[in-house]
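Engineer: The numbering of the sequence shown is UniProt numbering, which starts it at 1 and goes up by one. Below is the structure I would like to discuss, written out as structure tokens.
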Amino acid sequence: MFLPPPLFARLERLAPIGPLERARVLVTGWDTPRVDAETLARAPELRLVAHTGAAVGFLVSDALWERGIRVTQTGAAMAPAVGEVALTFTLCLLHQVHRFDHDLRSGSGWAQTRAAARPRRELRGSVVGVVGASRTGRAYAGLVRALGAELLLADPTVCADDAAGLGATLVELDDLLTRSDVVALHAPAIPATRHLIGRRELALMPDGAALVNTARSWLVDSAALLDELRGGRIDAALDVFDEEPLSEDSPLRRLPNVLLTPHQAAGTEEARHRMGTLTVGEIARFLAGEPLQHEVTREQLRWTA
1 MFLPPPLFAR LERLAPIGPL ERARVLVTGW DTPRVDAETL ARAPELRLVA HTGAAVGFLV
61 SDALWERGIR VTQTGAAMAP AVGEVALTFT LCLLHQVHRF DHDLRSGSGW AQTRAAARPR
121 RELRGSVVGV VGASRTGRAY AGLVRALGAE LLLADPTVCA DDAAGLGATL VELDDLLTRS
181 DVVALHAPAI PATRHLIGRR ELALMPDGAA LVNTARSWLV DSAALLDELR GGRIDAALDV
241 FDEEPLSEDS PLRRLPNVLL TPHQAAGTEE ARHRMGTLTV GEIARFLAGE PLQHEVTREQ
301 LRWTA
């Protein structure tokens, strides 16, 4: 968690920072192990887990919920940055920036690179399919719609009126895949979304279409995606992978039709500062007996990560 000195000082004023055994509040991050029964046995006073990230499914346990411990997270702080990266990916893929960069860095001649270029598209008028109306999905949808894209949305938890409020048309996933120039994944990593995009779904995408994944690799059958990318029919921009860090010999590193970043979509200075501010604010509200603004309940984990 990024805490500039004034924010850290505020946290210290709220309560002393000490060992788990005396803690009422536990601040967690991506590398924190699951808060299971063994951990909880060492924390008899624990009442709140304040997670500095969006997904908490990997962190919580039945023992935690049964103890009545509350959980809060910082997904709202991360959404603007992730939405911007997904937009950046979208523009790069439509304009074939990744292919130009790969060819020139690989020694291809200037004229050869230009002659080999695939047809490029502007975002205005392109069909963009958003899979999942999550916080990041909504942030991304607002950005691409502002630049003139036609927006499709697939999300079983959203009604047509809600989709219309986002400027999108609600459709089934297969319809979205068939019609979209760019498919952007923003769904949660829950059992129902495991390999949501598999071999069959990838085959539905039109020739020349592109896949953007700033969410979780859980959503995609990575072996099927690699096969599709090797064929060169579609392009992809990926910030998330089954194994992280991505191995140095990963075939993805060598493909000209893939843009890669190292799971850093939410890594802006602004996002990190917002995450710290949100976390300290939630702790302050909890200690004051006020309602939490970013709480995650056990029931909510049925449709969110």
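The beta carbon of each residue, even a glycine, is placed where N, CA and C say it ideally should be. Please read all numbers here as calculations on a predicted model, not as lab measurements.
Look at the Cβ atom of Ile283, then the Cβ atom of Leu94, and state whether they are nearer than 8 Å.
Structural biologist: no
Engineer: Per DSSP, what kind of secondary structure is Glu269 in: helix, strand or coil?
Structural biologist: DSSP places Glu269 in helix when its eight states are reduced to three.
Engineer: For Asp161, count neighbouring C-beta atoms within 10 Å of its own C-beta (all shown protein chains included) and say buried if the count is 16 or more, exposed if not.
Structural biologist: Flag for Asp161 reads exposed.
Engineer: Which ranges does the beta strand (DSSP E) cover as unbroken runs of at least 3 residues, wholly within the region 127-179, from first to last along the chain?
Structural biologist: 127-131, 150-154 and 168-170
Engineer: If I measure Cβ to Cβ from Leu185 and keep anything under 6 Å in the same chain, skipping five residues before and after, which residues do I get?
Structural biologist: Closer than 6 Å at the Cβ level, and outside the excluded window around Leu185, lie Val131, Asn213, Ala215 and Leu219.
Engineer: Classify Ser217 as buried or exposed, calling it buried when 16 or more other Cβ atoms lie within 10 Å of its own Cβ.
Structural biologist: buried
Engineer: Can you give me the C-alpha to C-alpha distance between Asp181 and Phe241, rounded to a whole angstrom?
Structural biologist: Each residue's Cα considered, the two are about 22 Å apart.
Engineer: Helix, strand or coil for residue 308? Go by DSSP, reduced to three states.
Structural biologist: With the chain represented from 1 up to 305, any question about residue 308 goes unanswered, as that position is not in the structure.
Engineer: What is the rounded straight-line gap between the Cα of Val56 and the Cα of Leu46?
Structural biologist: 17 Å
Engineer: What residue ranges within the region 206-272 form continuous beta strand (DSSP E) runs of no fewer than 3 residues, ordered along the chain?
Structural biologist: 210-213, 235-238 and 258-260
Engineer: Using the Cα positions of Arg118 and Glu228, report the straight-line distance between them to the nearest angstrom.
Structural biologist: 17 Å
Engineer: Excluding sequence positions up to five away, which residues of its chain have a Cβ less than 7 Å from the Cβ of Leu91?
Structural biologist: Hits under 7 Å: Leu123.
Engineer: Let me make sure I understand the geometry here. Which of Glu248, Leu211 and Met78 has the alpha-carbon closest to that of Glu269?
Structural biologist: Met78
Engineer: Would you kindly report the start and end of the unbroken alpha helix (DSSP H) that includes Thr39?
Structural biologist: Ala37 to Ala41
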